[in-house]
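Trainee: Submitted below is the structure of interest, expressed as structure tokens.
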Amino acid sequence: MKKRFFGLLLAASLLGGLTGCAGNQGEPTAAQGTEATQAVTEAVKESQNTETKKAEMAPCTLTFLSWYPQEKFQPILDAFEKEYPDIKVEFQYAAPVADYLEKMQVLTSTGEIPDVFYIAAENKSEMIKNGYCADISGTEAVSKLVEVNKNTYEEGGKVYGFAPTTWVGGYFYNKDIFEKLGLKAPATWDEFLTVCEALKADGTRPIIERGEWFWDSFLGPFMNDYLANDLDYHQEVIDGTKTFADGWGPYIEKWYQDLILPGYIDEDLVSVSSQEFFSEFATGNAGMLAGHAGHLKEVQKLNPEFEIGFFPMPGTGTDIKVVYGAVDCAMAISSETKYQEQSELFLNFISRDDIVQLYQDMNGYVIGMNGVESNVDPILKEVAGLYSDGKINVYIPQGNWDTYGTGLQQQLIAGSQQLLLKEIDCNTFIQEMQDKLKELKDE
């Protein structure tokens, strides 16, 4: 550092000399000379501050609970360790969504929150409002985010999560099966039902989804027929000016009548694991898979030669205004960490243009940072472009449930499974969602 400091002082001396000599030629004012000297002085101070901060940060070990498995995150960890060898990262992993949320609930209850962790649509409000997350508004990482990615994890004018990507999804379909049956990607709900019937008649499972997520197949009509005209619907439900019956009611009934009763969604979906979810589609046993870019990557690993198409979840009309998707889960820093600066350094490192590309390679999502292009899979290029251009919104319900996200998500999973197994009817499903909200608000 002494050598660098001496070099800057030498530059200041030379600049001062040159300024004096130039007085006879261009006759710069004394103020100009003073400004130049001040600029160099500021550069000296900035250099000193940077070197001091690096010295102060070393060494430590950051604990990190990740939403993504280590094999996916490893290229980022390797790059960070190479640049900052004195800051170690103790990596922990819990599989999303249910296992991760449960793990975080345990850690918050025992006071063992990691230095860095993820918050998601399901628990962001709880984690922020209960004071578990540090304010990271002033970090370089947050300053680079586009507004929607920044605002998603904002509360009271402060930002608590760094979410550099957004996922957009819908239905992936088996091109070979569609071609064999003379089918094309449906643009409306009725066309979608026609596709489901043709696949079922062929002996192919129409739709594959996981046991905790198959309810998402009701979203197409709800998003594009109702939510597009009332984007504040969920807040109105939370506030009590509307109910689940007002918005969800008709579309849950439509889902039940159009997809569940005809058997396009099989009862065995309640027990489908993530691995079965991918393999059923990759091996040609299912015609369509409801998912996003991360799921596409997993399928392509299992069958690299698989010809896959994509279409957004349709409404009853042809206009797609809202798609299945969300700003991705965000990296947050514990409000109790002893290593605030080091944790911020970790986030800032990931926000670098070259490193965020590694992050995007990991999940395949759309990058939500100013001036950084997304290298999404060509299959998703069109829908990703629509989102980047602000022509469509993204939606998952649990991202709109405030501090009640975890509880309502659990009720949604339980109720949808009971509905699929025909243990309850649609009215009961809706009423139990409303009752759960009341219970959570009364706690």
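FYI, in mature numbering (1 follows the signal peptide of the UniProt record, and there is no 0) the residues of the sequence shown are -22 to -1, 1 to 421. For glycine and all other residues, C-beta sits at the position ideal for the given N, C-alpha and C.
1) Between the Cα of S312 and the Cα atoms of E421, A112, T381 and K153, which residue gives the shortest distance?
2) With 16 as the cutoff for other CB atoms within 10 Å, does P184 come out buried or exposed?
3) Inspect the beta-carbon positions of T166 and T296 and report whether they are closer than 8 Å.
4) Can you give the Cα-Cα distance for G135 and N129, rounded to whole angstroms?
5) Along the beta strand (DSSP E) that carries T39, what are the first and last residues, could you check?
6) With distances taken Cα to Cα, identify the nearest neighbour of E104 among L386, I402 and C404.
7) Helix, strand or coil for Q310 per DSSP?
8) Buried or exposed: which applies to P199, given that a residue is buried once 16 or more other Cβ atoms fall within 10 Å of its Cβ?
9) Please state the DSSP three-state secondary structure of M266.
10) For W145 and K359, what's the separation of their Cα atoms in angstroms?
11) Cα-Cα, which of L123, Y62 and T39 is closest to S329?
12) Who are the near neighbours of E214 in its chain, counting only those whose CB is closer than 6 Å to its CB and skipping five residues on each side?
13) Could you check if K102 is buried or exposed, using at least 16 other CB atoms within 10 Å of its CB as the buried criterion?
14) With 16 as the cutoff for other CB atoms within 10 Å, does Q253 come out buried or exposed?
15) How would you label K158, buried or exposed, when you count the other beta carbons within 10 angstroms and need 16 or more for buried?
16) Tell me whether D93 is buried or exposed, calling it buried when 16 or more other Cβ atoms sit within 10 Å of its Cβ.
17) Can you give the Cα-Cα distance for G218 and D224, rounded to whole angstroms?
18) Rounded to the nearest angstrom, what separates V354 and N152 at their Cα positions?
19) Looking only at its chain, what residues have a beta carbon closer than 7 Å to the beta carbon of A260, apart from the 5 residues adjacent to it on each side?
20) If you reduce the DSSP assignment to three classes, tell me which class V361 lands in.
21) Is the Cβ-Cβ distance between G303 and G147 less than 8 Å?
22) Looking only at C-alpha atoms, which of G272, I155, A119 and L267 sits nearest to V350?
23) Would you be able to state if there are at least three C-beta pairs under 8 Å between the stretch 397 to 411 and the stretch 366 to 385?
24) Compare the beta carbon distance of I408 and I186 with 8 Å and say whether it is the shorter of the two.
25) Identify which residue in P37, W45 and W226 has its Cα closest to the Cα of S337.
Mentor: By the coordinates alone:
1) The sequence position of residue 312 within the sequence shown is 334, counting from 1. Measuring from the Cα of S312, the nearest candidate turns out to be A112.
2) Residue numbering aside, residue 184 sits at position 206 when the sequence shown is read from its first letter. Buried: at least 16 other Cβ atoms inside 10 Å.
3) For this step, residue 166 is matched to residue 188 along the sequence shown. For this step, residue 296 is matched to residue 318 along the sequence shown. Against a cut-off of 8 Å, the Cβ pair of T296 and T166 comes out as a contact.
4) As a first step, residue 135 is located in the sequence shown; it is residue number 157 there, counting from the start. As a first step, residue 129 is located in the sequence shown; it is residue number 151 there, counting from the start. Roughly 9 Å separates the two Cα atoms.
5) The count along the sequence shown starts at 1 and reaches residue 39 at position 61. C38 to S44 is the span of the beta strand (DSSP E), which, as asked, contains T39.
6) Translated into positions along the sequence shown, residue 104 becomes position 126. For the residues L386, I402 and C404, the minimum Cα distance to E104 belongs to L386.
7) Here residue 310 is taken as the residue at index 332 of the sequence shown, counted from 1. It should be pointed out that residue 310 corresponds to Ala in this sequence rather than to Gln. Here A310 sits in strand by DSSP.
8) As a first step, residue 199 must be located in the sequence shown, where it is residue number 221. Classification of P199: buried, given that the 10 Å Cβ count is 16 or more.
9) Translated into the one-based positions of the sequence shown, residue 266 becomes position 288. Reduced to three states, the DSSP call for M266 is strand.
10) As a first step, residue 145 must be located in the sequence shown, where it is residue number 167. As a first step, residue 359 must be located in the sequence shown, where it is residue number 381. Roughly 12 Å between the two C-alpha positions.
11) Walking along the sequence shown from the start, residue 329 turns up at place 351. Of the candidates L123, Y62 and T39, the one whose C-alpha sits nearest the C-alpha of S329 is L123.
12) Numbered from 1 along the sequence shown, position 236 holds the residue referred to as residue 214. Hits under 6 Å: K220.
13) Numbered from 1 along the sequence shown, position 124 holds the residue referred to as residue 102. Buried, by the Cβ-count rule.
14) For the purposes of this step, residue 253 is taken as the residue at position 275 of the sequence shown. With fewer than 16 other Cβ atoms within 10 Å, it is exposed.
15) The residue labelled residue 158 in the question sits at position 180 within the sequence shown. Flag for K158 reads exposed.
16) Locating residue 93 in the sequence shown gives position 115, counting from the first residue. With 16 or more Cβ atoms within 10 Å of its Cβ, D93 is classed as buried.
17) By one-based count along the sequence shown, residue 218 stands at place 240. By one-based count along the sequence shown, residue 224 stands at place 246. Distance between the alpha carbons of G218 and D224: 11 Å.
18) In the sequence shown, residue 354 corresponds to position 376, counting from 1. In the sequence shown, residue 152 corresponds to position 174, counting from 1. Between V354 and N152, the C-alpha separation is close to 19 Å.
19) Your numbering for residue 260 matches position 282 in the sequence shown. Excluding sequence neighbours, A260 sits near V277, L280, N281 and F284.
20) Reading the sequence shown from its first residue, position 383 is the one you call residue 361. It is helical.
21) Translated into positions along the sequence shown, residue 303 becomes position 325. Translated into positions along the sequence shown, residue 147 becomes position 169. Closer than 8 Å, so yes.
22) The count along the sequence shown starts at 1 and reaches residue 350 at position 372. Checked all of G272, I155, A119 and L267; the closest Cα to V350 is A119.
23) no
24) By 1-based counting over the sequence shown, the position of residue 408 is 430. By 1-based counting over the sequence shown, the position of residue 186 is 208. Taking 8 Å as the Cβ cut-off, I408 and I186 do not qualify as a contacting pair.
25) The sequence position of residue 337 within the sequence shown is 359, counting from 1. The residue asked about is misnamed: residue 337 is Tyr in this sequence, not Ser. It is W45.
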